[in-house]
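First residue of the sequence shown? That's 131 in our numbering, and the numbers climb one at a time after it. Notes for the one structure printed next.
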Amino acid sequence: MTSTGIRLHAPAPGWSIDADVVVVGSGVAGLTAALRCEAAGLTTVVVTKARLDDGSTRWAQGGIAAALGDGDTPEQHLDDTLVAGAGLCDEEAVRILVTEGPDAVRRLIATGARFDESGDGGLELTREGGHHRRRIAHAGGDATGAEISRALVEAVRARGMRTVENALVLDLLTDAEGRTAGVTLHVMGEGQHDGVGAVHAPAVVLATGGMGQVFSATTNPAVSTGDGVALALRAGAEVSDLEFVQFHPTVLFLGPDAEGQQPLVSEAVRGEGAHLVDADGVRFMLGQHELAELAPRDVVAKGIVRRMLEQDAEHMYLDARHFGAEMWENRFPTILAACRAHGIDPVTAPVPVAPAAHYASGGVRTDSRGRTTVPGLYACGEVACTGVHGANRLASNSLLEGLVYAERIAADIAATGLHTRVPQPLPTAERPAHPLLPPEARLAIQRIMTRGAGVLRSEESLAEAADRLHRLHADARDALDENGKTAEPGVDTWEATNLLCVARVLVEAARRREETRGCHWREDRPGRDDTAWRRHIVVRLNPDRSLAVRTTDTTDFPPTLPQAQEQ
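Here it is as structure tokens:
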């Protein structure tokens, strides 16, 4: 795969670090990859956009899914995952996940993560949407992500691993053969390094998380601006399945104009017996699916939106008053505190909820070892598309995927000897080809995407979104062509530019997929069409910044690297 030659407009690097591996991101995927690489004797540097514990992992409430309970098996976990994925999961990728998952969780516990235990000393397991078994391990009631993050951050610090915090990754460095040679990054604030610099390394692991900030209302933190996907596209990598954005069904409704990160009401609340009701107290999910409120997330989100449209309502309700105060305080203390902070007491009143952007099932296309279509560039966690999630992620599979595939990446780097190559990065272009958007474009992109590519989509809404995004793209391009000027380089303009990049890909893929499948809901194409669309949509960026789009011939992904390029 040849690089596009496109880079963000940024100053030349003023400092550099050398390493065997640079891991970009500090969630469960990034820190697991870093710890395993370090344990294999590889000099590893972790770069993260905020503090080490500020990524999406810490916000994960429900837990981590694995076949750890009596009577449960990886095969049952596989079956539930395939059903949720609506015919687009890569079965071999899922089999790897569910087979290697239980031991990966045990290694996480050995690293120091403390999960909630039952009375007999075993793991306390709960159930979530799409699961036919209790297989969700949790910590601190509803603070699983925070506990996992704590344990991994402590392990990284205990080993004295080199970290660069408050650093926004900019672009991939490559050598004359198009192989990975490191990354450029911008460090925000004072410290050992400041401003734009580089980490030179023959292996780069992207674990940058999601892109939820492309929508107005999301459960994602402010740092989730699609930086990893945008970097990979500029580097010439392929992305896949970006149209499948999961909208979490039960997000605390804070008003029709609420924007930014919204409080999540975990699926585990429904797993413990909460009911979805309308304003009249009617359980509207009964009869829509055999699992009712515990149907896969796309089914529940659609059920909520349908009821909202039928009743011209802005939200529905989650009723768990029957839990009582003790259960709320012990099992869901984080959610209880968030609700009460907004004037809602779930002990005495139903909680207003509505869907909001939550998780990207698609991302940078990888193989079973986490390798992308660019030699030396790996991806894991939400930024990656391994084929595990298909058209709709099964609840609590994300933390497990981060664990399992991060471990596989570290093993591949160590086994192939990739780290022994001394990177020789090409000089950064004197005049980058990619203009920057002004900071205010971020809000415009979010509103375009929410209106045109949200839970409900149609050819009309997607065409309008594509047109408006193109105008933002063209305005920035024309300004650069006419006077050689672009928006001032900085975190706000880099993030806005990354958001536009991923938004364009998402909308184009959603327009191409003329069916309803999983979390991709086309009002004008309500049926699922396995004959024409049991395929993956793969997108890459051309050197002229246009998009090259193709569909795969089958459900299986083609290999990421030609045989001759495999390390």
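A virtual CB, placed ideally from N, CA and C, is assigned to each residue, including glycine. These figures come from a predicted structure and were not determined experimentally.
DSSP places Thr338 outside both helix and strand once states are collapsed to three, so it counts as coil. Residue pairing by DSSP places Ala328 opposite Ser146 and Thr314 in a beta bridge.
In the three-state DSSP reduction, Leu671 falls in the strand class (E or B). DSSP places Leu406 inside the beta strand (DSSP E), whose first and last residues are His405 to Val407.
The beta carbon of Pro689 is closer than 7 Å to those of Asp497 in its chain, skipping five residues each way along the sequence. The Cβ atoms of Val228 and Ala197 sit closer than 8 Å to each other.
The straight-line gap separating the alpha-carbon atoms of Ala234 and Arg265 is approximately 14 Å. The Cβ-Cβ distance between Arg572 and Ala626 falls below 8 Å.
The region 341-350 makes contact with the region 485-502, as at least three CB pairs between them are under 8 Å. Taking all protein chains shown into account, Pro476 has 16 or more neighbouring C-beta atoms within 10 Å of its C-beta and is therefore buried. Burial is judged here by how many other beta carbons sit within 10 angstroms of a residue's own beta carbon; Asp428 has at least 16 and is buried. Put simply, of Arg451, Ile667, Gly366 and Gly385 the residue whose alpha carbon is nearest the alpha carbon of Ser491 is Ile667. By DSSP's assignment, Leu303 forms a beta bridge with Gly312.
As computed with DSSP, Phe383 is found in no beta bridge at all.
By the Cβ-count criterion, His452 is exposed, with fewer than 16 other Cβ atoms from all chains shown falling within 10 Å of its own Cβ. Bounds of the beta strand (DSSP E) holding Leu677 are Leu677 to Thr681. Secondary structure of Ile136 (DSSP, three-state): coil.
Here the alpha carbon of Ala425 sits roughly 39 Å from the alpha carbon of Pro569. Gly417: not part of any beta strand (DSSP E); DSSP gives it neither H nor E.
Per DSSP, Ala487 lies in no alpha helix (DSSP H) segment; the continuous beta strand (DSSP E) that holds it begins and ends at Val481 to Ala490. Only buried fits His378, as 16 or more other CB atoms lie within 10 angstroms of its CB.
Arg257 is classed as buried because its beta carbon has at least 16 other beta carbons within 10 Å across all chains shown. By the C-beta criterion, the region 289-309 is judged to be in contact with the region 173-192, since at least 3 inter-stretch pairs fall below 8 Å. Counting the other Cβ atoms within 10 Å of the Cβ of Val552 gives fewer than 16, which makes it exposed.
Straight across, the Cα-Cα distance linking Asp683 with Arg665 is about 7 Å.
If you check the CB distance, Leu599 and Leu566 do not come in under 8 Å. Val534: member of the alpha helix (DSSP H) spanning Asn527 to Thr546, first to last residue. Three or more Cβ pairs closer than 8 Å define a contact, and the region 455-469 falls short of that threshold against the region 649-660.
In the three-state scheme derived from DSSP, where H, G and I count as helix and E and B as strand, Thr174 is classed as strand. Cβ neighbours of Asp449 within its own chain (closer than 6 Å, five residues either side excluded): His405, Val407 and Pro480.
Taken through DSSP and simplified to helix, strand or coil, Arg166 comes out as helix. By DSSP's assignment, Arg495 forms a beta bridge with Cys515. Note that the C-beta distance between Ile543 and Val286 is not below 8 Å. Ile194 has Ala267 as its beta-bridge partners, per DSSP.
Assignment of beta-bridge partners to Arg641 by DSSP yields no partner.
Closest in C-alpha terms to Ala352, from the list Ile434, Arg461 and Arg181, comes Arg181.
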